[in-house]
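What follows is a short report on a single structure.
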Amino acid sequence: MKLINDVAYGRTEFARILGRGIRYACRYFEDVYGNKGKGKFSDFAHYASFGEGDGCIAQIRYRVLGAIIIPGVIPGKFHTDYSDTPQPPEELGKKSADRGVWEIVPENLGFCRFHRKWYEKHIENIFNDVFGEEINIYNHHRKLLQKVIVYNKKARNVLAPLETKRSIDAVKSYVMESDSADLGKWADKMRHEGDKAVEEYCEQARQSFNNAFTD
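Sequential numbering from 895 applies to the sequence shown in this note's numbering.
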């Protein structure tokens, strides 16, 4: 609690630096103190980073590939495939995009996301019956996320590659520990190529995600 209060009110120099964000803090401490130990400060951090500045946010705390690699159009929310389902990058990207659309629907229409099992099947009929308008709920919210994507690009707030050892290792360990045939090829690549294979997997997954929002 002391650290939380210190950061909230900027009571110490350390707290003020940490209050500017974990990405900034890691870079600052590495510049000031160097890498005197076995690793860098950022090696122990886990976050989604944006652009070349200090922008970042904590992903949802699920140890699954969708949460780690594709935190969604609006990161920090459950706008991705957060299921514990091993799958190749192309499929992960597609499912994350589809899940992202359905996850923003209840936020925009005032539903609790815990009701997703029924509202995804019936929300369009309910909406049309109540308001008397024929609206494709899925397409409407897909277009909404497309607008957010355009804004993110203009704001230079585009998701950056994984940049910390902890994030990269989280992907690597998930894939290599999986006994799924869908990840067998990638598990072998990561054993032999290491971080390079992780980067390739992430790039393909994110490209598939972006393609799903391209008309």
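For each residue, glycine too, the CB sits at the ideal point set by N, CA and C. Just so we're clear, the structure is a prediction, and the values are computed from it rather than from any experiment.
In terms of Cα proximity to E1057, the closest of R905, G1004, S943, V926 is S943. A direct Cα-to-Cα measurement between F1107 and V1042 gives close to 11 angstroms. Counted as a single uninterrupted DSSP element, the beta strand (DSSP E) harbouring I951 occupies residues 949-951. Relative to the Cα of V967, the nearest Cα in the group V1052, M1070, A1091, A1099 belongs to V1052. Residue pairing by DSSP places L1053 opposite F944 in a beta bridge. By the neighbour-count criterion, in which 16 or more other beta carbons inside 10 Å mark a residue as buried, S990 falls on the buried side.
Between the region 945-953 and the region 908-928, the count of C-beta pairs closer than 8 angstroms reaches three or more; the two stretches touch. F938 and K1066 have their C-alpha atoms spaced approximately 15 angstroms apart. By the Cβ test, the region 1090-1106 is in contact with the region 978-992, since at least three Cβ pairs between them sit closer than 8 angstroms. D978 sits away from G960, with the two beta carbons spaced by 7 angstroms or more. Cβ-Cβ separation between N1019 and I1029: approximately 11 angstroms, too far for a contact (criterion under 8 angstroms). Of the candidates S1061, E1087, E1093, the residue whose Cα lies closest to the Cα of H940 is S1061. For the region 946-1020, the continuous beta strand (DSSP E) assignments of 3+ residues that do not extend past its boundaries occur at 949-951, in sequence order. For C920, the number of other beta carbons within 10 angstroms of its own is at least 16, and it is reported as buried.
Nearest to Y1032 by alpha-carbon distance, out of A1049, V1024, H1009, E1014, is E1014. I916 sits in a helix when the DSSP states are folded into three classes. Following the DSSP letters along the chain, one finds R1060 inside the alpha helix (DSSP H) bounded by residues 1059-1071.
Assigned with DSSP and collapsed to three states, F1107 falls in coil, not helix or strand. With distances taken between CA atoms, D1063 lies nearest to I963 out of I963, D1076, G945.
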